[in-house]
Amino acid sequence: MDDGRRDEDGRLVAVLDELSRRTGRPAGDTGDHWPLYEAALGDTANHALLFEAVWFEPDQNVALSVVLRVLGSLPEDEQARWIAQLRWEYSREYAQRCARGAAY
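Numbering-wise, the sequence shown is residues 3 to 106 according to the working numbering.
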């Protein structure tokens, strides 16, 4: 059964499992990873794992939400790296506007 945590080499599953271990929140079996990401966002020690998860996250809105929550705490060069992790052009453009403080 596909639990919504799949990717080409299983890396998202490993990242979600590690975030779950660190936060005490379940990785989820429905494909809704937002509660786990939200719990992980509270600790900057999780940012490297979240950065990786953004690339593999199948839900565009969830991936964008993670990036938007992190952007404000990052220097400009790091903001660009996080935005580049978004796989969808629309999401990257939206995140860039938000990073610049532009109206959207």
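In this text, a Cβ means the ideal position worked out from N, Cα and C, and glycines have one as well. Just so it is clear, the structure is predicted and the values come from calculations on it, not from any experiment.
What is the DSSP secondary structure of P37, reduced to helix, strand or coil?
-> helix
Find the nearest neighbour of A101 within the set G12, L76 and E20, judged by alpha-carbon distance.
-> L76
Could you check where the alpha helix (DSSP H) with R13 kicks off and where it finishes?
-> R13 to T25 is the extent of the alpha helix (DSSP H) around R13.
Exposure of A65, with buried meaning 16 or more beta-carbon neighbours within 10 Å = buried
Give a yes or no on whether the C-beta atoms belonging to L43 and L51 are separated by under 8 Å.
-> no
Please indicate yes or no: does the CB of R89 lie closer than 7 Å to some heavy atom of the ligand NAD?
-> No copy of the ligand NAD occurs in the structure displayed, which carries no ligand at all.
Output the residue ranges of the alpha helix (DSSP H) runs that lie fully inside the stretch 63–98 and measure 4 residues or longer, sorted by chain position.
-> 78–87
Return the chain-ordered list of same chain residues with a C-beta closer than 7 Å to the C-beta of T25, the five sequence neighbours on each side being excluded.
-> L38, A41 and A42
Starting from A29, trace the alpha helix (DSSP H) both ways and give me its first and last residue.
-> Annotation for A29: no alpha helix (DSSP H) segment contains it, and DSSP assigns it neither H nor E.
Where do the N-terminal and C-terminal ends of the alpha helix (DSSP H) with L43 fall, by residue?
-> No alpha helix (DSSP H) holds L43; DSSP gives it neither H nor E.
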